[in-house]
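Asks:
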Amino acid sequence: MRCWLKIEEMALEELMQRLNAVSQCADEIMHQDIIPFYAADIQDQLKKQFAYLSGGRGGDGCPVITFPDYPAFSEIPEKEFQNVLTYLTSIPSLRDAGIGFILVIDRRQDKWTSVKASILRIAASFPGNLQLVLVLRPTGFFHRALSDIAFKFGKDEFKMKVPIIMLGSVSELQGYIDKTQLTEDLGGTLDYCHNRWLSRRTAIEGFAQKVKQTAQILQSFGTELAETELPNDVQSTSSLLATHTEKKDKMKEDIRVAVEQGDDILGSITKPVTENPEYKLNQDQLDNQTTVERLLAQLHETETAFDEFWIKHQQKLEQCLRLRNFEQNFREVKAALDIVSERLSAFTDVGNSRSHVEHILKDLANFEEKSCETVAKARLLASEGDAFIQSNHYAVDSIIPKCTELHHLCDAFTTETERRRNHLNKSLELHDLLEKSMKWCDEGIYLLASQPVDKCQSQDGAESALQEIEKFLDTGTGNKIKELNKIYREYAHILNEDLKDHVQKVFQKQESMEEMFQKRQISLKKLAAKQTRPVQPVAPRPEAFVKSPCTSPGLQREYVPNSESSALRRVNYRRGKSEMTDLHQSRGGSTMDDEENLAVLRQHVINELIETERAYVEELLCVLEGYAAEMDNPLMAHLISPELQNKKDILFGNMEEIYHFHNRIFLRELENYVEYPELVGRCFLDQMEDFQIYEKYCQNKPRSESLWRQFSDSVFFQECQRKLDHKLSLDSYLLKPVQRITKYQLLLKEMLKYSKNCEGAEDLQEALTSILGILKAVNDSMHQIAITGYDGNLNELGKLLMQGSFNVWTDHKKGHAKVKDLARFKPMQRHLFLHEKAVLFCKKREENGEGYEKAPSYSYKHSLNMAAVGITENVKGDAKKFEIWYNAREEVYIIQAPTPEVKTTWVNEIRKVLTSQLQACREASQHRTLEQTQSLPLPLPASSCASPSRNHIRNTKKMEEKKADLTSLEGYVTTVAPKYPEKGKGWAKPSHSLDASEENDGWSSAEEPLNSSDAEEEGGGGGEMKLTPGKYTVVTDYEKGVSEEFTVKSGDLVQLIREGEDGLWYVKNLSTGREGWIPANNVLMLIGNSKSAQSLSSSESGTASSTLSTSSSCSDSCNVSSTSFSDIKG
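To convert, take the position in the sequence shown, counting from 1, and add 46; that gives the working numbering.
Set out below in structure tokens:
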């Protein structure tokens, strides 16, 4: 790396030196060290042509500057005059200019006075060396004679460094300068065009500037390239290389254009010679040709120097880009290797059966096949890095560790994969041995069970049975476990606790079976001996139980004390049900046979439950590894469309959470009940809370299925299905959790059917009920998520208790200010959702589509807060109808259920909600009232009707006071709920519905003690409201009394004086001192006898009502109570 930087610094330094030399050479060529400007700077002054450099030369090569006849010569500004002379004298080479210039002043058409002034001005301003001054004097006789006389007698005025020669004609001029070196206007043959000369000088000087600028730009560009820091990522490096290449190409294009410009100028100079080989260029033309050729040479030198530098810089950038690609690929490959290594480390399970091990081996093979691509890519990348090292890449120090790590990871993965495979092969070998042993034991037990007992009573039959047993025992050589310790030693590296326990169980079963055979052999040998007397053939029942098989796992099963019977009891129940049934029938029917048949059937159910559970877990794992994990696999990313990326959570939902629950918890718990299937209900009950995760999965299923339909033909899914060798597509496996949760209730029903008299029957029934409840909750939630148009958060409404479709009629209280529509005679079709805190009314809308998109949606219409809801259970004329009313029957909804049973279910559920709210309200009010009464001031002086003894009781007995206040609150709760007042305002006056009271058998919400058919049970009493002396607070404004002048406001404190008729009480307003009549329902008791204050309702208490309501929210009741006491304090 350091060596490379040093080389790059040297290359930049060399480039700078060469380009600086080009710039200096260009300045020298154009004499920029002498003249500060170009022809383009004084182009307008040169165009006046009062002086020009024709290109002619004198005899010794002196440049000739001609001053043609210019009438306005004297009017030329001094600055312009000096600029032109300075520029013209700087054009010839330094050698020619050093010899001196010849000035030809043409004044043939001028006057002597002008000639004199011109000569004096030129003599004073000429910046160069002069060799000779030739003046063509005026041709007029008078001015000619005058010039001769004046020049003769005034020579001193014309003293210059060189001689001045007055010439009378051009022929005399040709005596000093050859005719070929004079222009046509001076009688010569020199081809000169001032505009052409000016244009060519401008082009040459522009070209020289172009060469110099190009060298300077390349200097800056080279510095920029050398000082640019190398990026650390592929994209930035690629972008930098592209940017530098683009700038280089632009530089090359500028150089090409400049070369073309120089070639065009050179061609224009040599064009006459090209057209006419005999044409000879004058000295100025030759100088111009030399100048352009030198400039072109400098331009080529500039291009060559930059090309050499660019090759080195480009090589560095390309090596940097390859390095960044290598580093990026290294990160990706290493991440992929880490993933496959992590997945490989998950292959720790050695299997619990042969099929399980085979499945794991298959998974390992598939995994290895999928991982081969990653390993191959890693090895290829390591080889690429090795090639960089061999080619002396500038970053060798960074590449070597990465290549070493890649080789190590690949070798470690290969070694670990082989080790895992060897372990699984060993496990497969062990399971083969165990299965052979178990199969041999099962065959032996079946052999013993199938031997006809009556035939064995004879000597021949016993001998035949002995031969069968001996023949069977001979087959155990290659099928049974011989030494348990040898198995432990040979398979020690794969034996975990579960597998070790399984080996012990198999070995114990084998020993029990062999012991049973030995005892059978002893019995048969005795029977095969000489028969002393006839024996009545009786078929023994060695497998019969002394007790019912339905015992708990914690209890020991008791058997007939016969080891043969014990062994026969452990017959493998996975044998066909018909086979066992035939066996029992051959032995005769009995109660014990029926119990054994039920035990076999239970065993079939538990086997099916566990086997299907294992298959279910494996299918979930297959989907998660074969599809979900592949969506995060960088090697598969190119197959996933951009719209599908980051949608794994939508497609698979919480399937991973479901898998972990079943694999780590539920399946293992189920396996503990394989010997006690009748108790499996406990397993379900213990894990019932975890089954709630299915609700989340089912709620996401519509989104998942919609996404699947959108991308079902994706190449990614097809490739995953091919690798998994699945015949069915992914959507079939995404449906597995929904199918599984519905399967449990069928298996529980089946198990309950065969376990009715067993110990775990109640648990099974409870588990079945709970599973059905989960299915109902899942079903309800699927409907709930289809609600549209609800602005709030449905989760804030509490748990969804019920949902269903009903016919709904609406009615409204008379006089209500916000009635928007009349009573509806035609029922509305509404779908109701009952939550803990509200009931929602929605309109069901059927959707067209497939699958879940075909499911209906529910358009939200309105909702009722359960804190202000009441119900009427029975509506005359229809046993399927009930009422839900709101805010003391301001809004009434008549609900018609599909069946009376549905109505009863809904009414009971609503009753539970309202009862729980009422109970919570009471507890909150009781607590608040107790706190507030403890801070009350002393009571006001009692009036003539006040009861001092009650005040004494209130002050001395806290518990009685607490009861009285609570009962007073209940009396308020039974009244029509007033609406919340605005701050500082009284309670709104309640309005009563006459229609509602007539429909409800004369009962309205204001007439019922607790708005419930359970009012008496709640302590409301149902009787008339009795006169209770004491103090009350007004809870509702009352302005229209018997006396028009008597009014009370909400919060006023009144003293009860006497009771009148029609529910009116005569009271004294302690705030104003006035007395008058007011309805008893408008007051709330504060001080009085708790017994008489326990019910503040109307005077009617006839037939029990079937209406239940909190009538107002708990917060309403609590606010009323707190407001009343604050009024007392005030």
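Just so you know, even glycine gets a beta-carbon here, dropped at the ideal spot from N, CA and C.
1. My output table needs one value for N839: the three-state DSSP class, helix, strand or coil.
2. With DSSP collapsed to three states, give me the class of D1041.
3. Quick one: residues in its chain with C-beta nearer than 8 Å to the C-beta of V403, no 5 flanking neighbours on either side, listed in chain order?
4. When we look at the beta-carbon of D826 and count the other beta-carbons within 10 Å, is it buried (16 or more) or exposed?
5. With DSSP collapsed to three states, give me the class of D777.
6. I need the DSSP call for Q942, collapsed to helix, strand or coil.
7. Along the chain, where does the beta strand (DSSP E) containing Q503 start, and where does it finish?
8. On the CB-based measure, 16 or more other CB atoms within 10 Å of its CB, does N1046 come out buried or exposed?
9. Taking buried to mean at least 16 other C-beta atoms within 10 Å of its own C-beta, is N552 buried or exposed?
10. May I have the straight-line CA-CA distance separating S1043 from Q963, to the nearest angstrom?
11. Along the beta strand (DSSP E) that carries R1104, what are the first and last residues, could you check?
12. Count the other CB atoms, across all protein chains shown, that sit within 10 Å of the CB of R710; report buried if there are 16 or more and exposed otherwise.
13. Helix or strand or just coil, what does DSSP make of E275?
14. Can you tell me whether Y440 is helix, strand or coil according to DSSP?
15. In chain order, what residues of the same chain lie with their CB nearer than 6 Å to the CB of I540, ignoring the 5 residues before and after it?
16. Using a 10 Å radius around the Cβ and a threshold of 16 neighbouring Cβ atoms, would you call Y534 buried or exposed?
17. Would you call the stretch 921-931 and the stretch 939-946 touching, i.e. three or more CB-CB distances under 8 Å?
18. Output needed for I435: all residues of its chain with C-beta closer than 8 Å, excluding positions within five of it in sequence on either side, in chain order.
19. Which residues does DSSP pair with K889 in a beta bridge?
20. For a test of the three-state rule: what should DSSP assign to N129, helix, strand or coil?
21. Based on the DSSP secondary-structure assignment, which residues constitute the bridge partners of L880?
22. For Q811, collect the residues of the same chain with a Cβ closer than 8 Å to its Cβ; drop the 5 residues on either side in sequence, then sort them by chain order.
23. Helix, strand or coil, according to DSSP, for E937 in the structure here?
24. In chain order, what residues of the same chain have a beta carbon less than 6 Å from the beta carbon of D777, not counting five sequence neighbours either side?
25. What does G1122 pair with, by DSSP beta-bridge criteria?
26. Quick one: give me the first and last residue of the alpha helix (DSSP H) that Y740 is part of.
27. Under the three-state reduction of DSSP, which class applies to Y98: helix, strand or coil?
28. Less than 7 Å between the C-beta atoms of L843 and A884, yes or no?
29. Look at the alpha carbon of S695 and the alpha carbon of E388, and state the distance between them as a whole number of angstroms.
30. Please report the residue range of the beta strand (DSSP E) in which I151 lies.
31. So what does DSSP say about C596, is it helix, strand or coil?
32. Buried or exposed: P723, going by 16 or more other Cβ atoms within 10 Å of its Cβ?
33. Between the C-alpha atoms of L814 and E543, what's the straight-line distance to the nearest angstrom?
34. Within the chosen definition, does the stretch 414-432 reach the stretch 358-377 through at least 3 CB pairs nearer than 8 Å?
35. Is it the case that the Cβ atoms of T112 and P173 are separated by a distance below 7 Å?
Replies: Let me lay it out:
1. As a position in the sequence shown, residue 839 is number 793, starting the count at 1. It is coil, neither helix nor strand.
2. For the purposes of this step, residue 1041 is identified with residue 995 of the sequence shown, where counting begins at 1. Interpretation of D1041 is limited by its pLDDT of 36, a score under 50 that renders its predicted location unreliable; the figure taken from the coordinates is listed afterwards. Correct three-state label for D1041: helix.
3. For the purposes of this step, residue 403 is taken as the residue at position 357 of the sequence shown. For V403, where only same-chain residues beyond five positions count, the Cβ hits under 8 Å are V396, G397, L470, S473, L474 and H477.
4. Taking the sequence shown and counting its residues from 1, one reaches residue 826 at position 780. So D826 ends up on the buried side.
5. Counting from one through the sequence shown, the residue named residue 777 turns up at place 731. D777: helix per DSSP, three-state reduction.
6. Locating residue 942 in the sequence shown gives position 896, counting from the first residue. Strand.
7. Taking the sequence shown and counting its residues from 1, the one referred to as residue 503 is at position 457. Counting along the chain, Q503 falls outside any beta strand (DSSP E), and DSSP gives it neither H nor E.
8. As a first step, residue 1046 is located in the sequence shown; it is residue number 1000 there, counting from the start. The predicted position of N1046 is uncertain, since its pLDDT is 38 and thus under 50; a value taken from the coordinates is nonetheless stated next. The residue is buried, with at least 16 neighbouring Cβ atoms inside 10 Å.
9. By one-based count along the sequence shown, residue 552 stands at place 506. For the record, residue 552 in the displayed sequence is Val; it is not Asn. Burial call: buried.
10. Here residue 1043 is taken as the residue at index 997 of the sequence shown, counted from 1. Here residue 963 is taken as the residue at index 917 of the sequence shown, counted from 1. Interpretation of S1043 is limited by its pLDDT of 33, a score under 50 that renders its predicted location unreliable; no figure is taken from the coordinates.
11. What you label residue 1104 is simply residue 1058 of the sequence shown in a count that begins at 1. Per DSSP, R1104 belongs to the beta strand (DSSP E) from L1099 to E1105.
12. Mapped onto the sequence shown, residue 710 falls at position 664. Under this definition R710 is an exposed residue.
13. On the sequence shown, residue 275 is found 229 positions in, with the first residue counted as 1. In the structure shown, E275 sits in coil (DSSP, three-state: anything other than H, G, I, E or B).
14. As a first step, residue 440 must be located in the sequence shown, where it is residue number 394. Three-state result, Y440: coil.
15. Here residue 540 refers to the residue found at position 494 of the sequence shown. Here the set comprises V396, H469, K472 and S473.
16. On the sequence shown, residue 534 is found 488 positions in, with the first residue counted as 1. Exposed, by the Cβ-count rule.
17. yes
18. To locate residue 435, count along the sequence shown from 1; it is residue 389. Correct list, in chain order: V442, I445, I446 and C449.
19. Along the sequence shown, read from residue 1 onward, the residue named residue 889 stands at position 843. DSSP, once it has assigned bridges, lists S905 as partnering K889.
20. Position 83 of the sequence shown holds residue 129. Looking at N129 - three-state DSSP - the assignment turns out to be helix.
21. As a working note, residue 880 is residue 834 in the sequence shown. M848 and V885.
22. Position 765 of the sequence shown, counted from the first residue, corresponds to residue 811. Taken in chain order, the residues that qualify are G727 and L798.
23. Along the sequence shown, one-based indexing puts residue 937 at 891. DSSP places E937 in strand when its eight states are reduced to three.
24. Translated into the one-based positions of the sequence shown, residue 777 becomes position 731. W754.
25. Numbered from 1 along the sequence shown, position 1076 holds the residue referred to as residue 1122. DSSP, once it has assigned bridges, lists V1113 as partnering G1122.
26. In the sequence shown, counting from the first residue as 1, residue 740 sits at position 694. Per DSSP, Y740 belongs to the alpha helix (DSSP H) from I739 to F757.
27. Numbered from 1 along the sequence shown, position 52 holds the residue referred to as residue 98. Strand.
28. Start at 1 with the first residue of the sequence shown, and residue 843 comes out as number 797. Start at 1 with the first residue of the sequence shown, and residue 884 comes out as number 838. Yes; because the gap between Cβ atoms is below 7 Å, this pair is in contact.
29. The sequence position of residue 695 within the sequence shown is 649, counting from 1. The sequence position of residue 388 within the sequence shown is 342, counting from 1. The displayed chain sequence assigns Asp, not Ser, to residue 695. Approximately 22 Å, taken between the alpha carbons.
30. Within the sequence shown, the letter at position 105 stands for residue 151. Start and end: F147 to D152.
31. Here residue 596 refers to the residue found at position 550 when the sequence shown is read from its first residue. With a pLDDT of 37 at C596, under the threshold of 50, the modelled position of that residue is not reliable, and no figure is offered here.
32. Within the sequence shown, residue 723 is the residue found at index 677, counting from 1. With 16 or more other Cβ atoms within 10 Å, it is buried.
33. As a first step, residue 814 must be located in the sequence shown, where it is residue number 768. As a first step, residue 543 must be located in the sequence shown, where it is residue number 497. Cα to Cα, L814 sits roughly 33 Å from E543.
34. yes
35. Against the sequence shown, residue 112 aligns to sequence position 66. Against the sequence shown, residue 173 aligns to sequence position 127. For T112 and P173, no; Cβs fall outside 7 Å.
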